[in-house]
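K.L.:
4 protein chains.
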Amino acid sequence: MDRTIFDSVSPLEFRYLKNEETNRLRDYFSEEAFIRYLARVESALVKAYAEEGVFSETVAEEVAQSVDKVCATEVYAEERRIHHQIRALVNCMKKHVSEKSAPWIHLGATSHDIICTAEAFRYKEATYNLLLPQLAKLLENLIVLAQREKATLQIGRTHGQHAIPLTFGFTIAEYIARLGQRMVKIKEAADNLRGQFSGAVGAYNAPSLLVNDPVAFERKFLQKVNLEPAEHSTQIVPPEYQTDFFHAITSAFGVLANLADDMRHLQRSEINEIAEKMEKKQVGSSTMPHKRNPIHFEHVKSLWKTFMPRMSSLYLDQISEHQRDLTNSASSRFYTEIFCGFFLAVYRLTPVMRDLVVDKVSLEKNFQEAAGKVGAEPAYILLAKKGHPDAHELVRQCFHEEGKMEDLPLDEKEKEFLADPKQYIGKAIEKTEAVCQNWRQKLTQFVE
Amino acid sequence: MDRTIFDSVSPLEFRYLKNEETNRLRDYFSEEAFIRYLARVESALVKAYAEEGVFSETVAEEVAQSVDKVCATEVYAEERRIHHQIRALVNCMKKHVSEKSAPWIHLGATSHDIICTAEAFRYKEATYNLLLPQLAKLLENLIVLAQREKATLQIGRTHGQHAIPLTFGFTIAEYIARLGQRMVKIKEAADNLRGQFSGAVGAYNAPSLLVNDPVAFERKFLQKVNLEPAEHSTQIVPPEYQTDFFHAITSAFGVLANLADDMRHLQRSEINEIAEKMEKKQVGSSTMPHKRNPIHFEHVKSLWKTFMPRMSSLYLDQISEHQRDLTNSASSRFYTEIFCGFFLAVYRLTPVMRDLVVDKVSLEKNFQEAAGKVGAEPAYILLAKKGHPDAHELVRQCFHEEGKMEDLPLDEKEKEFLADPKQYIGKAIEKTEAVCQNWRQKLTQFVE
Amino acid sequence: MDRTIFDSVSPLEFRYLKNEETNRLRDYFSEEAFIRYLARVESALVKAYAEEGVFSETVAEEVAQSVDKVCATEVYAEERRIHHQIRALVNCMKKHVSEKSAPWIHLGATSHDIICTAEAFRYKEATYNLLLPQLAKLLENLIVLAQREKATLQIGRTHGQHAIPLTFGFTIAEYIARLGQRMVKIKEAADNLRGQFSGAVGAYNAPSLLVNDPVAFERKFLQKVNLEPAEHSTQIVPPEYQTDFFHAITSAFGVLANLADDMRHLQRSEINEIAEKMEKKQVGSSTMPHKRNPIHFEHVKSLWKTFMPRMSSLYLDQISEHQRDLTNSASSRFYTEIFCGFFLAVYRLTPVMRDLVVDKVSLEKNFQEAAGKVGAEPAYILLAKKGHPDAHELVRQCFHEEGKMEDLPLDEKEKEFLADPKQYIGKAIEKTEAVCQNWRQKLTQFVE
Amino acid sequence: MDRTIFDSVSPLEFRYLKNEETNRLRDYFSEEAFIRYLARVESALVKAYAEEGVFSETVAEEVAQSVDKVCATEVYAEERRIHHQIRALVNCMKKHVSEKSAPWIHLGATSHDIICTAEAFRYKEATYNLLLPQLAKLLENLIVLAQREKATLQIGRTHGQHAIPLTFGFTIAEYIARLGQRMVKIKEAADNLRGQFSGAVGAYNAPSLLVNDPVAFERKFLQKVNLEPAEHSTQIVPPEYQTDFFHAITSAFGVLANLADDMRHLQRSEINEIAEKMEKKQVGSSTMPHKRNPIHFEHVKSLWKTFMPRMSSLYLDQISEHQRDLTNSASSRFYTEIFCGFFLAVYRLTPVMRDLVVDKVSLEKNFQEAAGKVGAEPAYILLAKKGHPDAHELVRQCFHEEGKMEDLPLDEKEKEFLADPKQYIGKAIEKTEAVCQNWRQKLTQFVE
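Chains as they are written, first to last, in this note's numbering: chain Y, 24 to 471; chain W, 24 to 471; chain U, 24 to 471; chain P, 24 to 471.
Set out below in structure tokens:
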């Protein structure tokens, strides 16, 4: 048929997963990919049985080869017939092996032994293969930027008001530390995703009829898909392993949203300290051709507004009655979109932060406008250090009312220091350097 | 290429929009459909100008014919070139008209004059053409069920505990009233969606150069797409019209979730008062073939957990800085999915409620188990009516402790009444009938 | 005891409800107040029975007088004894009337007949007595500001970038229209709050034993507390009436958050177009005495972040199993805080918007910086109006690249217009005036 | 004045923090307590300076003694005068020390050096002193229950339908494992809360004027309040340390909500396998004296609906512009309530789970009703183990349609096993024991 991607209703489909890199998300989160993951888990189970001696290794080899033969179209056709997805998958796999091997597929498994395990399996692989490398690239770009600009003066801002000096590199270092720490959280949470092979209510009822030590067997099976078992399962793996994983992602998304907001505001016409690099042929606005809009930063903020609220679905899905109800069936299918949304945001920011235009003229201009006022704090500190009884009020009057800084009881060297606010940047450069070195070194663990 | 629907990452695509009816959502919410809506709005604008005498009606006719010629593939190709979606659309439309007509397309419009208007336009049409008729069908099914079962005894339940009698029809009437009222809210909110033609910052800057009375012109243009203007716009229509619309949908979704939960629990093995009708070949469970699971009710609850939290994106998008920022760009594209999710839930429930299996044996059995205890309340009421000073405590002791109901100071007729709890159903039947009649009559307004 | 307000853990208690005006929230939402509302509802019920002739009017008079005698301390002491709040209230009320009248209190009522009705009653009164008048004051202040500044030039901003001109009054008019419309929604939703007298499962079981027409009696009783009955109740009034009410509040809160954000950004050091008026002795920062922070706007945004997410509790509470479960018991007690939080935000903004400092020098300065560029749009429009085939691209090149505006094919008068961007404000003044007049007139309906 | 707790609007105040145990929350989260924590942090700072030799140890001793002298009433009075809370605190502390020592208080600190540090300090102490011990008690009660009932047969339930056997102890073991793991998460997140002493924009501007190595000094100061510094601060500690802490709490709350829901449903009239122990004088319902409602489980679910959505405030507060805006000021004050709400839920469940009534008659009755059907799964497994080609379909027909289990091709011993479903409990007992032993041992780490 002549269906195109634009017949989709999901913006992920028709708009956001379109180039080579973002398309790689489909290798983990398309239904075609999920069917393959399910089949790989079924195959791992057969392999584990064969090693246990329940049947011959030949069966396992046959089943392993069937994994790539089964496809979503076939499984869905079968599902339409029998109204059960995993049973449909099993039926399809059976067709691709000999009559002798067929009965051993899915032996003693309940659907969610396979589904929960396949979910953990694919999230872990997508994290290692796609997300962590992309985060590492973004961090690397931030590190390069921060180190390059570690001594570039910028006026610090609190409440949107000029405060005291720092450097633009230090501003960026904030995001290196926060995002780096989130990256570690994501990795830890991915490493902690669990699988299961504990049967219909979690008590190993069926497995107990098939192997001597079903708890040990579960562990052996899961090793084949690089997972550990949950401490206790019902029909499903307890949700918290996933809840933690998506919290790690959601909270990392918040860091990106904050970065995007900061950059958006620094790109305001009146501030103009940074800018997204603009394509030559890019149309800024359909009626205001002069506009240079921070569209990528706006996009990242917007993705955050789309996906952050979805964390609530995870919290809602923590409740599953007794040994499980099915009310997480549809909702958990949509979790993958949160991963996709976050990846898209990281991916979008990566080149933008690499190519960020830093406008030193504006940075200097804004700094100079504040320069006359930033002496207040060091003046107060220097007075206070001498034990002046009411340093704060004295300086407040001096700056908010009629006084002059020169009249403050300070020595010449101190007044010179106050007269040159560029010196008042504390440890901005050293801290920037320390943060950059820490994460440059840690990144080597994430990208072998 | 041989891309299939299973290469999608969105469960809406590969799993939930697959049959003829649910596919109709694509007529409004696919990108192909949205491009068409945008083009229709552009065409309406040209038509309004022509009527105003800015140029000839021939131009308008040409442009009107171009609407069906433009397609998403073409527009996206152009967008890749110039990085602006609406400008891309306009460029494509121009190619489909004569050189003379081309310049008049999009005259004086800012992108969001077109986008906001097209959004309101399609939500309104989808509501009238798809959602309200589907809701009407579900309501009709509920009304038929409630009327049929209006006198079927059921034990009422509060706190999951047997309380006092009512009828199953009365139980269903709750949902008719609640869902009916939500339907009215959805219709009102759809009717109140607004468009705009007020230019880049909302002050009619550009339109003022083109027509004498741009405020009147805006109204005239919007009439062509069945909309009214917002009282005040910036670059965008104020978000609250949409916020209200999605609140109406989200709160209606909550009613469905409650209905689904109630039915799930009534289908529990121990209660068994109702059941989803099961397909002949349906597999209940891959390892427990005897199971009869309430999968449709579970599905509806799960959809609610997926889409209810997304209401927060709407609340977040109420904030747009100054005359707008673009941080609602991605997020607002995803609103359509909330509409789809709600439609899917209504659609799923429609046949399920029509074919609901009502198990009168279980209803009677559960009622009888409670029968011995439900006399407490009427006993208390009858005592109280006589002015007994401590009726409540007397009855409490009688039922929780050692007493017998026969010893209560009541006359024979009253004791007979108490001995037959089936009589103690209050106005359950009359109320059921009243609710059904009210909504049957109102439904005629929704389905001409 | 010497417990102070600072022993509270709730910030509402120790920090935000402290002055005369905000303390008035306690008249509706303290537990003392709620006990009084419950007692008033019990009294209204007795009155309705008396009118129906179930007992004498003397009973009703006695009970009416007991309302002010009962207090929370007494009720809670009784509740500790019997573990049931409404029964405790009834026991306390009985002590304050004669032995003859006592048994008639709460006759035939289930707890939630009283609780749901009292909730609706107090929300409605608080809305009319506190919230609508406060909103009217804020709107009045916004109207005064908008009319005063209706012709004050300001550069419009989209994406944080200078766009095209408007006036500061027009900027404010946006919030008048949006907030005014929300005020209407709040009023409508308050008017639509419902009560009930339908018994333990909603089928009027108990009332049917007491009066001939319990449906008519319910209506009669509720009229005494200025409410209408729900179309269908279970043990509780269906939640949607409250859901709508809090949606109206939450969405109005979003408008305030947007206003606060806009003002915060306009107060940025580099923009400086407006400022909160500062108290003489106010400390801007503990170490940066020169700071002039937009603390009230920041506070309002922060309150929104506190209370907006709580709307989800309302959506969650739409689900109550069968004729009700009690899982909304604690959660619904907390709804009152959302009302309080919103009132606090309105209250905080009222004087701030009245006393807003408008810095015309900065407005002019920012406008002038943009002036050279804002000609692009009208140039494009004027070219387009003449039917120029590629007006947009021509202007884009002219402004983004090497061209000069003078070279554009326009006549002298048009070039003059382009050279004076102050003329390019469209209908900003007229629209501001229209919005102000509309709401000034409508306000008279809210404050008699 | 005669203000009582019932003049409060917060349900936490008037309803939930009333007994000796819950009142202990006030030691950490009342404003009085917070003022004390702030003062303790100020004192720790002075102590660190004294050790650094900036001034004499006598100053530090004086300031340490002032901590207990300062109170909220005093600080708030001063704040009303100067409109700045931390400056007000400092002024008050100064009054309680000699004129010589006064100037050294708050030296070089920005307000949030104190506030962020005090917040981390109190959350950590409240976690160790209140929350972890309470969680340990609940877990201990669950362990006792699970071990006692480890062999008590129960029919497992999926989709609310009878599935296959397990034991009630195994059902409880689920919650031991899930809640135990959450407890570990809470502890880790509390241990990872951070403080700061990095000045107004985080670059150690002021501290650099006061000590040689401000980064080392920060660490030294924070050790005094048992905290580590953030890797990089702005004016505030990056929010993620708190975000993680409240995620740990919120996700633990979800486990309690699930436990509560499971118990509520097991207490349903028709199921009746467990019950909350009821007080002798407790009124079940004001009109239905026979009711035995699961009010504590309902309460816990309701608290979860109240507090779970508030996690969104934490995610929203991850965004703070540049070196910070103040829009987290009010919202972060309310975080304490989430801690309180969760503690209340744990506290409420502790005795309820200890005293849980387990109804063995109902457990047996429900089991027997299912017994005839649970043979399907083991029959299928035993057939499949023999390599039967279509075991699943064979069993499905046998159980859903006309067949008899006796006709299945199984040997006598197998048929005997199938005839006694009590044997089909897999490793329920062993797993229960393993989970209990694991957590009993781990608990020793939490309660020294």
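The C-beta atom is built at its ideal place from N, Cα and C for all residues, glycine as well.
With H, G and I counted as helix, E and B as strand and the rest as coil, what does DSSP make of E172(P)?
P.N.:
Note: E172(P) maps to coil in three-state DSSP.
K.L.:
Please decide whether P332(P) counts as near chain U, where near means a Cβ-Cβ distance under 8 Å.
P.N.:
Output row for P332(P): interface = yes.
K.L.:
Using a Cβ-Cβ distance cut-off of 8 Å, determine whether Q204(P) contacts chain Y.
P.N.:
It does; some Cβ of chain Y falls within 8 Å.
K.L.:
Nearest by alpha-carbon distance to E293(Y): which of E392(U), D340(U) and K300(U) is it?
P.N.:
E293(Y) has its Cα closest to that of E392(U), out of E392(U), D340(U) and K300(U).
K.L.:
Could you list which residues in chain Y have their beta carbon closer than 7 Å to that of I294(U), in chain order?
P.N.:
Neighbours of I294(U) on chain Y, chain order: E293.
K.L.:
Between A169(P) and chain W, is the shortest Cβ-Cβ distance under 8 Å, so that the two count as touching?
P.N.:
No, A169(P) does not count as interfacial toward chain W.
K.L.:
Please report the straight-line C-alpha distance between F269(W) and I361(W), rounded to a whole angstrom.
P.N.:
Whole-angstrom Cα-Cα distance: 8 Å.
K.L.:
Beta strand (DSSP E) containing Q184(P): first to last residue?
P.N.:
From DSSP, the beta strand (DSSP E) with Q184(P) extends over Q184 to T190.
K.L.:
Spatial neighbours of Y198(U) within its chain, please: C-beta separation below 7 Å, excluding the five flanking residues on both sides.
P.N.:
Same-chain partners within the cutoff: L165, V278 and L282.
K.L.:
So, with DSSP's three-state summary, where would you put E122(U)?
P.N.:
In the structure shown, E122(U) sits in coil (DSSP, three-state: anything other than H, G, I, E or B).
K.L.:
Count the other CB atoms within 10 Å of the CB of G76(W); is the residue buried (16 or more) or exposed (fewer)?
P.N.:
Exposed is the call here.
K.L.:
Looking only at its chain, what residues have a beta carbon closer than 6 Å to the beta carbon of E299(W), apart from the 5 residues adjacent to it on each side?
P.N.:
Closer than 6 Å at Cβ, skipping near neighbours: P317, H319 and V375.
K.L.:
CB T181(P) to CB Q258(Y), shorter than 8 Å?
P.N.:
Yes, these two residues count as a Cβ contact at 8 Å.
K.L.:
Alpha carbon to alpha carbon, how far is I404(P) from N228(Y)? Give it in angstroms, no decimals.
P.N.:
Roughly 10 Å between the two C-alpha positions.
K.L.:
Do you know whose CA, among T27(Y), P230(Y) and R49(Y), lies nearest S33(W)'s CA?
P.N.:
The shortest C-alpha separation from S33(W) is found at R49(Y).
K.L.:
Spatial neighbours of E142(P) within its chain, please: CB distance less than 6 Å, with the 5 preceding and 5 following residues excluded, ordered by chain position.
P.N.:
None.
K.L.:
As a quick exercise: from L161(Y), N152(Y) and F191(Y), pick the residue whose alpha carbon is nearest that of R171(Y).
P.N.:
Comparing Cα positions, the closest option is F191(Y).
K.L.:
Grab the span of the alpha helix (DSSP H) containing F330(U) for me, first residue to last.
P.N.:
It spans I318 to F330 - the alpha helix (DSSP H) in which F330(U) sits, taken as one unbroken run.
K.L.:
Does the beta carbon of K300(P) sit closer than 8 Å to a beta carbon anywhere in chain U?
P.N.:
Output row for K300(P): interface = no.
K.L.:
What does DSSP give as the partner residue(s) for I297(W) in the beta ladder?
P.N.:
I297(W) is bridged to V381(W).
K.L.:
Between which two residues does the alpha helix (DSSP H) containing R49(Y) stretch?
P.N.:
Taken as a continuous stretch (DSSP letters only), the alpha helix (DSSP H) holding R49(Y) covers R49 to F52.
K.L.:
If you check the beta carbons only, do E321(P) and S352(U) fall under 8 Å apart?
P.N.:
A contact, by the Cβ cut-off of 8 Å.
K.L.:
Roughly how many whole angstroms lie between the Cα atoms of K328(P) and C363(Y)?
P.N.:
The straight-line gap from Cα to Cα measures roughly 28 Å.
K.L.:
Evaluate S336(U) with the Cβ neighbour count: other Cβ atoms within 10 Å of its Cβ, from every protein chain shown; 16 or more gives buried, anything less gives exposed.
P.N.:
So S336(U) counts as buried.
K.L.:
Starting from S354(U), follow the alpha helix (DSSP H) in both directions and report where the run begins and ends.
P.N.:
Here the alpha helix (DSSP H) through S354(U) covers S352 to R356.
K.L.:
Rank K383(Y), R419(Y) and G395(Y) by C-alpha distance to the C-alpha of K173(Y) and give the top, closest one.
P.N.:
Checking every option, the nearest Cα to that of K173(Y) belongs to K383(Y).
K.L.:
For a minimum of 4 consecutive residues, which ranges assigned as the alpha helix (DSSP H) are wholly contained in the stretch 209 to 283 of chain Y?
P.N.:
Counting whole runs of 4 or more residues, the stretch 209 to 283 of chain Y contains the alpha helix (DSSP H) stretches 228 to 233 and 237 to 246.
K.L.:
Quick one: which chain W residues come within Cβ less than 7 Å of N316(P)?
P.N.:
Chain W residues near N316(P): H182 and Q184.
K.L.:
Following the continuous alpha helix (DSSP H) through C459(Y), name the residue where it begins and the one where it ends.
P.N.:
That run of the alpha helix (DSSP H) goes A451 to F469.
K.L.:
Is there a Cβ from chain Y that is less than 8 Å from the Cβ of M24(U)?
P.N.:
In this predicted model, M24(U) has a pLDDT of only 45, less than 50, meaning its place in the structure is not dependable; the value taken from the coordinates is given anyway. With 8 Å as the cut-off, M24(U) does not count as an interface residue toward chain Y.
K.L.:
Going by CA-CA distance only, name the one from I28(W), Y60(W), R47(W) and D30(W) that's closest to V248(W).
P.N.:
Ranking the options by Cα distance to V248(W), first place goes to Y60(W).
K.L.:
Who are the near neighbours of I109(Y) in its chain, counting only those whose CB is closer than 8 Å to its CB and skipping five residues on each side?
P.N.:
Same-chain partners within the cutoff: L61, H129, S134, I137 and I138.
K.L.:
Once you ignore the five residues that flank R333(Y) on each side, which residues in its own chain have a CB closer than 7 Å to its CB?
P.N.:
Closer than 7 Å at Cβ, skipping near neighbours: I361.
K.L.:
Could you check the C-alpha separation between Y370(P) and M331(P) for me, to the nearest Å?
P.N.:
Looking at the two C-alpha atoms, the distance is approximately 17 Å.
K.L.:
Would you identify the three-state DSSP class for I178(U), choosing helix, strand or coil?
P.N.:
Residue state, collapsed to three classes: strand.
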